[in-house]
């Protein structure tokens, strides 16, 4: 995100001496400068100034990452996954967002996991790619080496690769913390078409820099009630020969990770709330790319928000049937009246999987039923991938096994009733 920020204590010139306050005539000790940069010094970066040497460790152990194995979607089938069935209520109190995630879908470019968490996570660093965590419900404090965020319902939290951080759920939130975790094997950023050649969000973009929340910081160990020399474990997800090419290591540091006194640059975590996304509408049905919010290598992230819909006098507000010949379409239904979509079973907390090569679209009767509708009250997060997705253990556990037949059942219900079947006009899926 090429939007320069400077936070805390930094020297006037980069790569020059920056010292702690001295005593008398004696100069203070040097802070340790770390460049955190992308693409081998050729893309965005930030400089962080540490109290300690950031490469110091006093121990390493294996972290058994939650099951990352995947099963091909074969035979090719559209699916409905009920994410709210993944976690027992009794287990939530001891589950955290990092070690408790369950893999729903994945391929070599992106992994989609889900967690319902009531416990603080360990310190964590994803060494494989950026993460985009969508907060479905609940609230949390996210502490990072750049500073801290207070996050809640509707927040996208963008965490650049190798950002050390932890999640602390808010215990008195109305609901437990529900996190939809999108892990890239690349970087995640606003779509290039939204950006000027210098990286500013353009006028046609559905959000701008004012909508982005930067971390409040710097945040030091003593600010969170910890000792600066407190020995700390950091869980690291990195490449290896485990399932999905993912393995884990736990590094033990002889100090607390929050030792950054200042930083500056264009690479840092940030938050965008989905309510600050301004929908793009038109006289006739707009294609899904107008709903795009972020992109990574070989995938995009879109969101469908409450909006006015097509206003041509002959408009059909729901989408036409479409074949994603180059991509799989994954829709996470967050809010809206999806219970009315009889025959499909889709509701809040559902994920629909529409694989490339299979045409999909509204339930039978929804097209006719949508005519004259002026607005959709829906909220959904969509991930489109350009390589096939496979099912993780979490996805397999909550597949309803019925969704593929829902169009056939809808047609049968319509024919039996002698008219259109009842269906939601809202879904893109």
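Residue numbers (the UniProt record's numbering): 1 to 429.
From the three backbone atoms N, C-alpha and C, an ideal C-beta is built for every residue, glycine too.
Fair warning: this is a prediction, and the values are worked out from it, not measured in the lab.
Give the straight-line distance between the Cα atoms of residue i and residue j, rounded to the nearest whole angstrom.
i           : j           : result
residue 413 : residue 308 : Any reading at residue 413 must be qualified, since the residue scores a pLDDT of 49, below 50, and its modelled position is unreliable; the value itself is stated next. Taking the straight line joining both Cα atoms gives about 30 angstroms.
residue 247 : residue 185 : 13 angstroms
residue 210 : residue 25  : 45 angstroms
residue 167 : residue 369 : 43 angstroms
residue 125 : residue 164 : 5 angstroms
residue 294 : residue 103 : 21 angstroms
residue 253 : residue 52  : 10 angstroms
residue 315 : residue 292 : 22 angstroms
residue 391 : residue 10  : 46 angstroms
residue 349 : residue 17  : 52 angstroms
residue 433 : residue 14  : No statement about residue 433 is possible, as the shown extent of the chain runs from 1 to 429 and does not include it.
residue 172 : residue 47  : 36 angstroms
residue 199 : residue 3   : 7 angstroms
residue 375 : residue 114 : 30 angstroms
residue 42  : residue 187 : 14 angstroms
residue 288 : residue 331 : 11 angstroms
residue 406 : residue 363 : 8 angstroms
residue 194 : residue 69  : 35 angstroms
residue 400 : residue 5   : 46 angstroms
residue 398 : residue 87  : 10 angstroms
residue 389 : residue 274 : 25 angstroms
residue 265 : residue 189 : 16 angstroms
residue 174 : residue 65  : 30 angstroms
residue 278 : residue 345 : 29 angstroms
residue 379 : residue 178 : 15 angstroms
residue 242 : residue 377 : 42 angstroms
residue 67  : residue 249 : 15 angstroms
Quick one: what's got a C-beta closer than 7 angstroms to residue i's C-beta in the same chain, skipping five residues either side?
i           : result
residue 270 : 1, 158, 212, 213, 214
residue 310 : 282, 283, 284, 285, 317
residue 12  : none
residue 361 : 319, 320, 321, 322
residue 312 : 283, 284
residue 326 : 356, 386
residue 367 : 316, 318
By alpha-carbon positions, which one of the options ends up nearest to residue i?
i           : options            : result
residue 359 : 324, 389, 387, 403 : 324
residue 19  : 33, 7, 196         : 33
residue 44  : 280, 267, 292, 315 : 267
residue 272 : 234, 354, 152, 69  : 152
residue 60  : 136, 49, 251, 200  : 251
residue 90  : 405, 176, 125, 375 : 176
residue 181 : 111, 124, 154, 217 : 111
residue 8   : 263, 259, 123, 83  : 263
residue 259 : 242, 222, 237, 240 : 222
residue 135 : 352, 30, 334, 289  : 334
residue 154 : 48, 27, 280, 304   : 304
residue 290 : 72, 350, 191       : 191
residue 236 : 63, 388, 200       : 63
residue 276 : 255, 261, 306, 256 : 306
residue 128 : 69, 161, 378       : 161
residue 255 : 123, 5, 40, 30     : 123
residue 133 : 344, 345, 31, 116  : 116
residue 92  : 73, 119, 72        : 119
residue 224 : 249, 278, 238, 148 : 148
residue 143 : 189, 216, 178      : 216
residue 403 : 351, 377, 244, 65  : 351
residue 156 : 146, 145, 170, 130 : 130
residue 353 : 174, 336, 395      : 395
residue 244 : 71, 101, 100       : 71
Got a sec? Which residues, its chain only, sit under 6 angstroms from residue i by beta carbon, not counting five neighbours each side?
i           : result
residue 121 : 96, 97, 98, 166, 167
residue 339 : Its pLDDT being 39, under 50, residue 339 is placed unreliably in this model, and the value from its coordinates should be taken loosely. For residue 339, where only same-chain residues beyond five positions count, the Cβ hits under 6 angstroms are 347.
residue 372 : none
residue 37  : 45
residue 240 : 247
residue 220 : 258
residue 329 : 354, 384
Leaving out five residues before and five after residue i in sequence, what residues of the same chain have Cβ atoms less than 8 angstroms from its Cβ?
i           : result
residue 21  : 28
residue 431 : There is simply no residue 431 to check, as the chain begins at 1 and stops at 429 in what is shown.
residue 261 : 8, 9, 31, 49, 50, 51, 218, 220
residue 227 : 221, 256
Does any residue of chain C bring its CB to less than 9 angstroms from the CB of residue i?
i           : result
residue 189 : Of the chains in the structure shown, none is chain C; there is only one protein chain.
Exercise. Indicate whether the contact test is met: 3 or more Cβ pairs, each with one atom in the stretch 300 to 314 and one in the stretch 375 to 385, closer than 8 angstroms.
Key: yes
Quiz item: Counting Cβ pairs closer than 8 angstroms, one from the stretch 52 to 64 and one from the stretch 73 to 85, do we hit at least three?
Solution: no
Quiz item: Should the stretch 221 to 235 be called in touch with the stretch 185 to 205, which here means at least 3 C-beta pairs below 8 angstroms?
Solution: no
Quiz item: Given 8 angstroms as the limit, is there contact between the stretch 101 to 108 and the stretch 130 to 142, that is, 3 or more CB pairs closer than that?
Solution: no
Quiz item: Can you give, in chain order, each stretch of the alpha helix (DSSP H) that sits fully within the stretch 171 to 246 and has at least 4 residues?
Solution: none
Quiz item: For the stretch 353 to 408, which segments carrying the beta strand (DSSP E) assignment without a break, of at least 3 residues, lie completely within its bounds, in sequence order?
Solution: 378 to 385, 390 to 392
Self-check item: beta strand (DSSP E) segments (min. 3 residues) lying fully within the stretch 136 to 161
Solution: 139 to 144, 147 to 152, 155 to 159
Exercise. Identify every run of the alpha helix (DSSP H) within the stretch 272 to 329, keeping only runs that are complete inside it and at least 4 residues long; order them along the chain.
Key: none
Quiz item: In chain order, which continuous runs of the beta strand (DSSP E) of length 3 or greater are located wholly inside the stretch 39 to 96?
Solution: 45 to 50, 59 to 63, 79 to 82
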